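Line by line, the protein sequences give chains A and B. Just so we're aligned: the first sequence equals residues 30 to 491 in our numbering. Just so we're aligned: the second sequence equals residues 30 to 491 in our numbering. We treat Cβ as the ideally placed atom computed from N, Cα and C, and that holds for glycine. Bear in mind the structure is a predicted one, so any value in this text is a computation, not a measurement. Worksheet: one structure, shown below.
Number of protein chains: 2
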Amino acid sequence: MIETPSRALFTDLYELTMAASYFAAGMDDTATFELFIRELPRNRNFLVVAGLEDVLDYLEGLRFTADDLDYLRSLGSFRNDFLEWLETLRFTGDVWAMPEGEIAFAEEPLLRVTAPRIQAQLVETFLLNAVNFQTLIATKAARVAIACQGRRFVDFSPRRDHGFDAALKAARAAYIAGAAGTSNVLAGKLYGIPVVGTMAHSYVMSFETELAAFRRFARDFPGTTLLIDTYDTLEGARHAAAVARELAAEGITVGAVRLDSGDLAQLAKEVRRILDEAGFPNIRIFASGDLDEYRIEAILAADAPIDAFGVGTQLGTSGDAPWLGGVYKLVEDARGPRVKLAERKATAPGAKQVYRFSGAGGVFEFDMVALAGERSPLEGRPLLRQVMEHGRRTLPPEPLTRIRERCLANLDRLPARLKSLETVSPPYPVRHSAELERLLARTREQVAAANWPTAARSGDAT
Amino acid sequence: MIETPSRALFTDLYELTMAASYFAAGMDDTATFELFIRELPRNRNFLVVAGLEDVLDYLEGLRFTADDLDYLRSLGSFRNDFLEWLETLRFTGDVWAMPEGEIAFAEEPLLRVTAPRIQAQLVETFLLNAVNFQTLIATKAARVAIACQGRRFVDFSPRRDHGFDAALKAARAAYIAGAAGTSNVLAGKLYGIPVVGTMAHSYVMSFETELAAFRRFARDFPGTTLLIDTYDTLEGARHAAAVARELAAEGITVGAVRLDSGDLAQLAKEVRRILDEAGFPNIRIFASGDLDEYRIEAILAADAPIDAFGVGTQLGTSGDAPWLGGVYKLVEDARGPRVKLAERKATAPGAKQVYRFSGAGGVFEFDMVALAGERSPLEGRPLLRQVMEHGRRTLPPEPLTRIRERCLANLDRLPARLKSLETVSPPYPVRHSAELERLLARTREQVAAANWPTAARSGDAT
C-alpha cells in the first residue's frame, strides 16, 4: 500500500482565504450551497449523476493534519487563531443529493450542502472535482450504451485517462451507465467490476508467426479472444479459424476475434464470412480502436456483424466534450435567499428540490424545480434525498450493482427522442414552481437595488 | 493520511494474461519497448514531455501484495505457479528517457524500457497513463504561456480536472511549462508550487453590499485581488477604487481586480480607465473565466490591458485536444528488431535514440531518430538518457524548478514558426538515420514473408 496525502488541502486557495476572512469577521452562520450544471455539454440531452460516494467519503473524513497546518502556516498569510481553529474543523452539515445513477438536466441541483458557512464553502473544490468528472464519464458511457443497441461494450481507457484516479473512476462510472466490464484490474478489485482482456499486438509479435502466437494463447486461455490485425486482418481471421479447427480435437475453443484497426464495418463483414465458411459461426467478433458512440452508431447502421465493442480513449476522456462545467453556488444564508447576477451566469436563489413527473409507462415527462420548503406536489417524485445529517451518512454506501440497476432503469424511462446523439430541440422540460419564480424575481430586484445605487435612485425618481 | 491501493494492479487485464502465457511458455527473454506518440494532436506543433518522475516511482515500487494476488486468484483464470512467481516479481530493467521538460515530436521515443519480457510488458498501462496525461497538460500549458506573451498565468483547474490525481498532476505539468502558480493548495504543498487565490462570488454575496465585502477582505488580506463581476463589473471597479481610496489612510493597498465574465477585452479597457481616473494606475487587472490560449491570444490582440490570467478548465483538461495517443510498442527482443504492420499503425523496429541538431543561436533545426547502437553523430544532442539501471534510478529525482528551467530554456530555442497555435506546414523535421531506414525496410519484408504466405509464395514464383 502507498499513502496519499490528506485530502483537506485539495482545495483552491481562495476557499481558505475566504474561510479566514469569515472566521475573522465571526461570519459562520448556516449557509446553503447547491451544485448544478448551467448547461448541458455539446450534443448531450441528459446527465447521469455520479461521484456522490467519493463526496460522502471525503466529507466524513475531512480534517486538517498537523502537516497540513504547518504548510498553511508557511504561506505567511493566515493568522494563528484561524489555523488553530482549522485544526478542530470537521464537517457537521447536512447534505441532500440525487443518488448516483439518477438522470439529471441543466439547472437542476444535483447536490445541496447546508452547513456553517466556512465548512460549506471549504468543500467546494473537492465536491466539484468529484461530481463534474464522474458525471461526465457516466453520461458519456450512457451514450455509448445507447449507440450499442443492446450489444456489450467494455471500458478500455486506462492508458489514455487523465491519471491514476481518473482511470479508476472512469471504469466505475462507465459500469454504472452500462459497460459490461473494464480492462482495469485495479478497478475490478476495488469496485467488483468484471475485468476483461486477452492479448496485445506485442504478444503476436513475440512469436515467429501469428499462427504460433494464436495456438499458444488459445491453449493457455481456452475460449479466449484472438487479436487478428497485427499484420493483416483477413489473414489473421484465417489463422484464427485454422487454430480453432486444429484445437477442436483437444476440446479447446476460440471465443472471439478482435479487430483493432482499419475499416471496422467492412472488415467485420469479411471476417464474419471467413469464420462462417470455415465452420465457426459461433466465434464472435469484437471491435476496438478509436471508437466512440458516433462511430459505433455508424458501424451498426452499416449492418456490421460486430458482437461487442471495446471503447477506450473517447469513453475515459469524454473526448467530444471533455469537461462538465458544474458550479457550486451560495443560494441561501441567515439573511435569506441569495443570488448572483454576473453576465450569463445567473443563479436561482433558495434551497431547492427537484420533482420528476412521469407519463404513460413511466416515461419521464417533465421536471419541476421547487423550493425545498414548499409543500411537495402530489405526483412528482423528489430526486434529492438526505444523504448526510450533522456530518454523518444517513444511509450505508450503496452497492455499485444497485446504482447500475437504477441507472439502467432510468435510461429505460428516458423519452426516446432524448437518446439522440445530437442535441434535440426542445430540450427535456425543466420548469420552475410558481413559488420559485416569485422568489427569483423578488431577489433580483433587491440585489440590483443594493448594488446599483445609481439605477435604483433613478428608478425611485420616476 | 489515507491509503491508496497497490499500483501493481493498475494495469489492463491483458498485460497479466499475456504475462501468464509468456510464463507458461518460458518466454522471458529480454525485450525492448518504446513509448512514442504517432501523431501530434490537433493544432500542436510540439510536445513538452512530463510524467517521468511518476514512472520511475512506480517502477521502483512495483510489487504485487498478498491482497493483489488473492484478487487475481479469485478471477479463476491464472495458474498457481504463475501467481507464486508474480509475488516475487520486481522491476529489474533499464530505462532510457527524455527528461521532463524536454521538447519532443511525433514518432520520437520518449521512453525506452529494456527488461525481461514479462516485466517490460506488465508496466505498459501505468507508463502510458502517466506520460500521456502529463505530457498532454504540459504541452497545453506551453501553448498558454506562448499566448500570454510574457504575462503571468496560473492554473485554476482543480474543479474541472478529471479527478483528484489529475488535478495534482495538471498543476505540476502546468508549472513545468510556465504557469506562475496554481490555486490547488495540495499541489502547492506536494510540489512546492506557488499557490494563488483570493475570493469567490459567494464571498461577495455573503455581505449586504459589494462595498462591505471588498472592505472586509482588503483589510484581512492587504494587497489582495478583489473579484469585481458578481453584480456588475464596472460598478465593481468603482467599488474597488472606493475601497482602495478609503483604506489608503490605513496603509492598506488593493493589488488587483479580477474580471471573471463578460467581454473581457472590452471590460478590461473600461475598468483600466475607471481605475486610472480614480488615481490607481498600479492596481493590476487579472482576468479569468473560460479562458484558453486561443482566447488569450485574441484578447491581447485587441490590446486589452490585462496583466495576468487564470486558466482553468481548458488548461486542466486540454479541452481542444483532451487526450494524447501515446503507445508503447515492442521494438526488439532476443530474435532481433520487431515491427507491427497493422493499417495506419506501423511501428519502427529496433531500440532507438533521438538526436537534436541546433542552428544559429541554439534554435532547434531538426531531429534525427537513429538506432541506439549506432555511433552517435558528432553534433546532435542525444535526448534520451539512462534514468534506471537494473531497476534502480541512476539519478536522484529532479527538483521541479530545474525541470521548469529546462522547459523554458527549450521553449526559447523552439523555432518561432512552431509557436503558432495552429498546425504549421511543414512540421518540424524529424529524420531517420540511414541505418534505421535500412533496418525498417528489411524488417518489413521479413515480417510480410512470414505472415502472408500466399503473397510470399506468389512473390517467389515470379
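Among the options, the one whose alpha carbon lies nearest that of residue i
i: Gly55(A); options: Ser235(B), Pro187(B), Leu344(B), Ala377(B); result: Ser235(B)
i: Phe309(A); options: Ala159(A), Thr472(A), Val233(A), Ala285(A); result: Ala285(A)
i: Glu137(B); options: Leu64(B), Gly122(B), Arg172(B); result: Leu64(B)
i: Asp289(B); options: Arg274(B), Thr282(B), Leu256(B); result: Leu256(B)
i: Leu329(A); options: Gln178(A), Ala438(A), Arg36(A), Ala159(A); result: Gln178(A)
i: Phe111(B); options: Arg36(B), Phe75(B), Arg302(B), Leu45(B); result: Leu45(B)
i: Ala463(A); options: Val272(A), Ala389(A), Asp194(A), Val398(A); result: Val398(A)
i: Gly388(A); options: Ala199(A), Asp97(A), Arg410(A), Cys436(A); result: Arg410(A)
Secondary structure of residue i, DSSP reduced to three states
i: Thr483(B); result: For Thr483(B), the predicted structure reports a pLDDT of 49, less than 50, and the residue's modelled location is therefore unreliable. A value from the coordinates is still provided. It is helical.
i: His191(B); result: coil
i: Lys179(A); result: Going by the sequence as given, residue 179(A) is Gly instead of Lys. Looking at Gly179(A) - three-state DSSP - the assignment turns out to be coil, as it is neither helix nor strand.
i: Arg313(B); result: strand
i: Asp362(A); result: strand
i: Ile147(A); result: helix
i: Phe65(A); result: strand
i: Met228(B); result: coil
i: Arg421(A); result: strand
i: Val459(A); result: strand
i: Asp441(A); result: helix
i: Thr491(B); result: Here Thr491(B) scores only 33 on pLDDT, less than 50, and its place in the model is too uncertain to base an answer on.
i: Asn74(A); result: coil
i: Glu32(B); result: Bear in mind that the predicted position of Glu32(B) carries a pLDDT of just 48, short of 50, making it unreliable; the figure below should be weighed with that in mind. Strand.
i: Ile222(A); result: coil
Outcome for residue i when other beta-carbon atoms lying within 10 angstroms are tallied against a minimum of 16
i: Ile31(B); result: Here the model assigns Ile31(B) a pLDDT of 42, short of 50, so the residue's position is not dependable and the matter cannot be decided.
i: Glu239(B); result: buried
i: Glu113(B); result: exposed
i: Glu365(B); result: Checking the sequence, you will find Gly at residue 365(B) rather than Glu. Gly365(B) should be labelled exposed.
i: His230(B); result: buried
i: Ala484(A); result: Here the model assigns Ala484(A) a pLDDT of 43, short of 50, so the residue's position is not dependable, and the following value carries that caveat. Exposed is the call here.
i: Gly265(B); result: buried
i: Arg446(A); result: exposed
i: Gln343(A); result: buried
i: Leu101(B); result: buried
i: Val77(B); result: buried
i: Arg404(A); result: exposed
i: Gly391(B); result: exposed
Cut-off 7 Å between Cβ atoms - residues of its own chain near residue i, not counting five sequence neighbours on either side
i: Ile147(B); result: Ala48, Tyr51, Phe52, Asp57
i: Thr423(B); result: Gln415, Val416, Met417
i: Gly221(A); result: Leu429
i: Tyr260(A); result: Glu239
i: Lys448(A); result: Ile175
i: Gln150(B); result: Glu44, Met47, Ala48
i: Glu408(B); result: Phe386
i: Arg188(B); result: none
Cα-Cα separation between residue i and residue j, rounded to whole angstroms
i: Ala316(B); j: Arg287(B); result: 5 Å
i: Ala470(A); j: Lys381(A); result: 16 Å
i: Gln475(A); j: Arg367(A); result: 10 Å
i: Tyr457(A); j: Leu69(A); result: 11 Å
i: Gly420(B); j: Gly318(B); result: 45 Å
i: Arg92(A); j: Asn311(A); result: 56 Å
i: Leu293(A); j: Ala333(A); result: 8 Å
i: Gly488(B); j: Thr61(B); result: Note that Gly488(B) scores a pLDDT of 35, beneath 50, so its modelled location is shaky; the value from the coordinates is reported in the next line. Going from the Cα of Gly488(B) to the Cα of Thr61(B) covers about 32 Å.
i: Tyr43(B); j: Met228(A); result: 5 Å
i: Leu440(B); j: Met127(B); result: 15 Å
i: Arg2(B); j: Ile205(B); result: Outside the displayed range of chain B (30 to 491) lies residue 2(B), so it cannot be described from this structure.
i: Thr253(A); j: His268(A); result: 14 Å
i: Ala241(A); j: Leu276(A); result: 12 Å
i: Asn161(B); j: Glu89(A); result: 33 Å
i: Phe39(A); j: Gly355(B); result: 29 Å
i: Glu394(B); j: Leu437(B); result: 18 Å
Chain-order list of residues whose beta-carbon lies under 8 Å from that of residue i (same chain, five-residue window excluded)
i: Arg300(A); result: The question names Arg, but residue 300(A) is Val in the sequence shown. Hits under 8 Å: Ile257, Thr262, Leu263, Ala266, Val286, Leu288, Ile314.
Sequence-distant residues of the same chain with beta carbon closer than 6 Å to residue i, five excluded per side
i: Val214(B); result: Val224
i: Thr472(A); result: Pro366, Val368, Pro378
i: Leu81(B); result: Ala126, Glu129
Closer than 6 Å: residue i CB and nearest the ligand PLP heavy atom
i: Gln150(B); result: Ligands displayed in this structure: none; no statement on the ligand PLP is therefore possible.
Give me the subset of the stretch 231 to 260 of chain B whose CB atoms are less than 7 Å from a CB atom of chain D, sorted by chain position.
The structure shown contains no chain D; its protein chains are A and B.
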